[in-house]
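Start counting at 1 in the first sequence, then tack on 68, and there's your number in our numbering. Beta carbons are placed, not taken as given, at the ideal position from N, Cα and C, and that holds for glycine. Given the structure is predicted, the values throughout are model-derived calculations rather than measurements.
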Amino acid sequence: MLQVSYIRENREEVLNRLSVRNFKNPELVDQIIKLDDDRRQTQTLLDSIAAEANAAAKRVGELMRQGLKEEAEAIKTQTTTFKEQTRMLGDKLSAIEILLQAELVLLPNLPHQSVPKGFGADDNQVASEHGVIPQLMQGALPHWELAAKYDIIDFELGNKIAGAGFPVYKGKGAKLQRALINFFLDNADAAGYREMQPPIVVNEASGFGTGQLPDKEGQMYHITGDNLYLIPTAEVPVTNLYRDVILKEEELPIKNCAYTPCFRREAGSYGAHVRGLNRLHQFDKVEIVQVVHPDHSYDVLEDMSNYVQSLLKKLELPYRVLSLCGGDMGFTSAKTYDMEVWCAAQARWLEVSSVSNFETYQSNRLKLRYKSGDGKPQLAHTLNGSALALPRIVASLLENNQDEKGIKIPTALVPYTGFEYIN
RNA sequence: GGAGAGAUGCCUGAGUGGCCGAAAGGAACAGUUUGCUAAACUGUCGUACUGGCAACGGUACCGAGGGUUCGAAUCCCUCUCUCUCCGCCA
69 MLQVSYIREN
79 REEVLNRLSV
89 RNFKNPELVD
99 QIIKLDDDRR
109 QTQTLLDSIA
119 AEANAAAKRV
129 GELMRQGLKE
139 EAEAIKTQTT
149 TFKEQTRMLG
159 DKLSAIEILL
169 QAELVLLPNL
179 PHQSVPKGFG
189 ADDNQVASEH
199 GVIPQLMQGA
209 LPHWELAAKY
219 DIIDFELGNK
229 IAGAGFPVYK
239 GKGAKLQRAL
249 INFFLDNADA
259 AGYREMQPPI
269 VVNEASGFGT
279 GQLPDKEGQM
289 YHITGDNLYL
299 IPTAEVPVTN
309 LYRDVILKEE
319 ELPIKNCAYT
329 PCFRREAGSY
339 GAHVRGLNRL
349 HQFDKVEIVQ
359 VVHPDHSYDV
369 LEDMSNYVQS
379 LLKKLELPYR
389 VLSLCGGDMG
399 FTSAKTYDME
409 VWCAAQARWL
419 EVSSVSNFET
429 YQSNRLKLRY
439 KSGDGKPQLA
449 HTLNGSALAL
459 PRIVASLLEN
469 NQDEKGIKIP
479 TALVPYTGFE
489 YIN
């Protein structure tokens with residue numbers, strides 16, 4: 069959520085930067101400013117009347133104590149008009165505030181200056197490409213067929229006990245999951261991220277804090293009996309650890325990581341390009357989250373991007389880094405890099421990580437601030453990224469590393485799997 | 001699931017209608033002093049909105065929402081959450 073004061077003071081800039089996203093509703097900006105004018109006026113009036121009413125009430129108390137009953141009664145009758153007015157203005161003020169809030173959450177984050185203008189995925193910039201595209205042997209298979217051939221992932225069995233998008237990992241397939249999780253966590257730890265194990269359900273306030281609620285409600289599994297949501301990413305619980313918190317400046321940066329299962333309803337997305345592991349309702353992911361001083365957030369974004377790339381290099385996967393254009397960026401992000409891995413049998417790039425700087429967009433909702441010495445509390449910047457999500461990594465490992473003997477495990481991962489081949 | 005207790009500032013905790021934005025202690029920060037570690041003393045020490053160049057004001061907030069009252073942290077109602085005991089269970 070953007071800050072109203074910033075919108076007021078930088079109207080032109082806000083409009084310009086929103087246009088980088090091709091934001092369809094720029095008149096919202098002026099509506100918000102107008103509502104805020106209204107809010108201020110109403111509040112000023114309400115405050116002055118409340119001040120009079122308070123003073124009158126105080127006088128009544130004093131007079132009563134002095135035993136001057138009649139004088140007290142006289143003032144009492146005057147205060148009834150204050151009462152009506154404050155009630156009216158109070159109602160008006162809260163109505164305006166609700167409206168203002170409702171409009172404010174409709175404004176997406178402002179893209180950073182470096183974000184290219186664009187409408188969708190085709191306008192993203194390829195920032196860099198790494199690794200070698202493997203030449204597959206004759207008769208190479210896509211990962212869902214490999215998974216069946218080696219009996220390591222069972223989609224049918226998952227259908228039976230839960231539904232489509234909930235695969236069962238078996239034998240070396242299950243061990244590979246465990247290996248990847250530990251590999252990612254150990255690397256994050258070595259890079260200075262503190263491991264957290266949060267709940268994988270969250271309440272409404274948490275869903276709101278990171279922006280899943282109210283607009284993306286349909287994307288989360290909702291436990292109606294207890295009004296809890298299954299997390300779509302560890303970003304939600306881990307970032308919400310700092311909801312309503314004022315940190316000391318020295319505590320920054322905060323670097324956390326967490327492994328969690330992630331649950332996404334992915335309503336309405338079925339078809340050939342979401343086969344196998346390409347899109348699931350439940351998957352495993354290690355997430356990295358940082359809370360940083362605003363001066364450093366863009367350096368940190370590069371750090372996080374480099375860190376994610378280091379994982380892909382260790383796994384010997386060919387990948388590319390996209391700098392997302394305004395139109396393709398998430399609603400809450402100011403700048404995002406996507407990492408895509410080449411899946412050789414499907415012959416396509418698959419997104420395995422998304423690293424974003426949210427600047428103050430999340431922290432404003434979360435009321436996540438820091439305080440330096442004697443200064444006033446300031447909103448911190450938040451960033452997060454997948455490091456990494458498992459299914460598409462597994463898909464590309466299977467497809468890219470297949471040979472006559474089976475599936476070769478990358479050297480860096482062998483200490484974690486305990487085997488060199490799936491066969 | 002049954003019974004009970006509670007929710008106050010960074011923490012502990014006092015406060016049952018006006019003198020309470022809130023005692024006291026602790027923590028933290030700043031200063032003074034004693035030749036070090038440390039102690040003592042003094043001061044500062046919530047957030048948001050709002051007016052003002054500023055100095056300095058105003059308003060709101062004692063879990064949330066409503067009500068009673070000239071006046072509510074304090075009384076009443078509803079909700080949420082936490083804790084304790086019992087039951088069940090990992």
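For the 8 Å Cβ check, are there 3 or more pairs between the region 289-297 and the region 416-423? They do not touch, by the three-pair rule.
Quick check on Ala-247: buried or exposed, where buried means 16 or more other Cβ atoms within 10 Å of its Cβ? So Ala-247 counts as buried.
By DSSP's criteria, Arg-333 is part of a beta bridge. Which residues make up the other side? In the DSSP assignment, Arg-333 forms no beta bridge with any residue.
Can you tell which of Leu-204, Phe-487 and Asp-396 has the C-alpha that lies nearest to the C-alpha of Phe-187? Looking at the Cα atoms, Asp-396 is the closest of the given residues.
Reducing DSSP to helix, strand and coil, say where Thr-292 ends up. In the structure shown, Thr-292 sits in coil (DSSP, three-state: anything other than H, G, I, E or B).
The alpha helix (DSSP H) that contains Asn-468, what's its start and end? Its alpha helix (DSSP H) spans residues 458-468.
Here's a check: name, in chain order, each residue in its chain whose Cβ is nearer than 8 Å to the Cβ of Ser-73, leaving out the five neighbours to either side. The beta carbon of Ser-73 lies closer than 8 Å to none in the same chain, with the five residues before and after it left out.
CB contact flag (Ser-431, Thr-450, <7 Å): Cβ atoms of Ser-431 and Thr-450: closer than 7 Å.
I'd like to confirm the pairing. Which residues does DSSP put opposite Trp-410 in its beta bridges? Answer is Trp-417.
Gly-233 and His-349 - do their beta-carbons sit closer together than 7 Å? Their beta carbons are under 7 Å apart, which means His-349 touches Gly-233 by this criterion.
Reduced DSSP secondary structure (H/G/I, E/B, other) of Leu-436: Note: Leu-436 maps to strand in three-state DSSP.
Classify Gln-203 as buried or exposed, calling it buried when 16 or more other Cβ atoms lie within 10 Å of its own Cβ. It counts as exposed.
Let me check you understand the geometry: is the CB of Thr-301 closer than 6 Å to at least one non-hydrogen atom of the ligand ATP? This structure lacks the ligand ATP; in fact it carries no ligand of any kind.
If we ignore side chains and look at the alpha-carbon of each, how far apart do Tyr-261 and Tyr-310 end up? Looking at the two C-alpha atoms, the distance is approximately 16 Å.
Taking the DSSP output, what are the residues bridged to Asp-471? DSSP, once it has assigned bridges, lists Gly-474 as partnering Asp-471.
How many angstroms separate the CA atom of Glu-384 from the CA atom of Met-288? Looking at the backbone, the Cα of Glu-384 and that of Met-288 are separated by about 33 Å.
Should the region 109-122 be called in touch with the region 142-161, which here means at least 3 C-beta pairs below 8 Å? Yes, the region 109-122 is in contact with the region 142-161.
Quick one: measure Cβ to Cβ for Ala-230 and Phe-351, integer angstroms, because I've assumed they're closer than 8 Å. Not quite, the Cβ-Cβ distance comes to about 13 Å (not below 8 Å), so this is no contact.
What span of residues does the beta strand (DSSP E) with Met-264 cover, start to end? 262-264 is the extent of the beta strand (DSSP E) around Met-264.
Could you pull the start and end residues of the alpha helix (DSSP H) that Leu-96 belongs to? Unbroken alpha helix (DSSP H) run through Leu-96: 95-133.
Quick one: give me the first and last residue of the beta strand (DSSP E) that Ala-142 is part of. Per DSSP, Ala-142 belongs to no beta strand (DSSP E); it is in the alpha helix (DSSP H), 137-172.
Can you tell me the Cα-Cα spacing of Gln-280 and Ala-402, whole angstroms? Cα-Cα distance, rounded: 16 Å.
Can you confirm whether the region 465-473 touches the region 434-445 when touching is taken to mean that 3 or more C-beta pairs between the two stretches lie within less than 8 Å? Contact fails: fewer than three Cβ-Cβ distances are below 8 Å.
Cut-off 6 Å between Cβ atoms - residues of its own chain near Gly-474, not counting five sequence neighbours on either side: Once the five neighbours on either side are set aside, the close Cβ partners of Gly-474 are Tyr-489, Ile-490 and Asn-491.
With Trp-212 and Gly-398 assumed to form a contact (beta carbons below 8 Å), what rounded beta-carbon distance in angstroms separates them? Contact flag wrong, Cβ pair sits at about 28 Å.
Roughly how many angstroms separate the alpha carbons of Leu-320 and Ala-448, rounded to a whole number? Answer to the nearest angstrom: the Cα atoms are 9 Å apart.
Residue of Gly-394, Thr-400, Tyr-405 and Met-372 minimising C-alpha distance to Arg-388: Closest option to Arg-388, Cα to Cα, is Tyr-405.
Return the chain-ordered list of same chain residues with a C-beta closer than 6 Å to the C-beta of Lys-323, the five sequence neighbours on each side being excluded. Contacts found: Gly-260, Tyr-261 and Gln-358.
Any 3 or more C-beta pairs closer than 8 Å across the region 159-168 and the region 369-376: Contact fails: fewer than three Cβ-Cβ distances are below 8 Å.
Considering only residues of the same chain and omitting the five flanking positions on each side of Thr-428, which have a CB-CB separation below 6 Å? Leu-447, listed in sequence order.
Quick check on this structure: which residue in Lys-381, Leu-380 and Ser-391 has the alpha carbon closest to the alpha carbon of Leu-369? The option with the nearest alpha carbon to Leu-369 is Ser-391.
Less than 8 Å between the CB atoms is what I'm expecting for Thr-328 and Pro-266, so what's the real figure, rounded? That pair is a contact at about 7 Å.
Asp-352 - partner residues in DSSP beta bridges: DSSP lists Pro-329 as partners of Asp-352.
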